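Numbering (full-length UniProt numbering), first residue to last: 1 to 177.
Just so you know, even glycine gets a beta-carbon here, dropped at the ideal spot from N, CA and C.
Computed from a prediction, not measured in an experiment: that's the story for all the values here.
The block underneath contains the structure these notes are about, expressed in structure tokens.
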């Protein structure tokens, strides 16, 4: 008799748990208007999502607008990201957050003034500054590589302010492009 009582208690307990689970599963559904029939459940069907070539987000290789921009310029002897580059960096951060398989190399550069060692350190500080912005925007650290070329890869040749300004930069290079 005791075993039958335990069996019945277990069955009631399991039935109660099963009904609780069902209530939780259906409680997240929006309330439905029962309409005139009152008892007839309504079934809502959605078409399966079909991706079309035109629906895919732009890749960095073919992007236009802010995502197509890849150069962050710096003031002389500075490694602080200027405000005019923040919208562009925000676009890259958004892309990287939405595409966790994507990764970038942040390549820091300096102009020819200063020693080789100093310019390597300055280029690294610049790429680190861009990296800090991306990390603060939610990009994963393993998506970013920050390196420096110092003065070794100038964008513009010359020894005037225009050439130097063009060489004080970080290039955003998506790996795998």
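Contact under 7 Å by Cβ, residue i with residue j
i, j, result
"residue 104", "residue 144", "yes"
"residue 170", "residue 72", "yes"
"residue 167", "residue 111", "yes"
Distance between beta carbons of residue j and residue i, contact taken as under 8 Å
i, j, result
"residue 149", "residue 123", "6 Å"
"residue 106", "residue 91", "So it is not a contact: roughly 15 Å between Cβ atoms."
"residue 151", "residue 116", "7 Å"
Residues of its chain near residue i, where Cβ-Cβ distance is below 7 Å and the 5 sequence neighbours each way are ignored
i, result
"residue 140", "100"
"residue 126", "74, 79, 108 and 170"
"residue 94", "none"
Selected residue, minimal CA-CA separation from residue i, among the options
i, options, result
"residue 86", "108, 158 and 137", "137"
"residue 89", "130, 118 and 119", "130"
"residue 153", "83, 142, 175 and 119", "119"
"residue 60", "98, 84 and 135", "98"
Contact set for residue i: own chain, Cβ-Cβ below 6 Å, skip 5 residues either direction
i, result
"residue 102", "96"
"residue 163", "156"
"residue 63", "none"
Same chain, Cβ closer than 8 Å to residue i, five either side skipped, listed in chain order
i, result
"residue 133", "81, 86, 89 and 93"
"residue 135", "141 and 144"
Residue i at chain B interface by Cβ criterion, 7 Å
i, result
"residue 154", "As a matter of chain content, chain B is missing from the structure shown, which is built from one protein chain."
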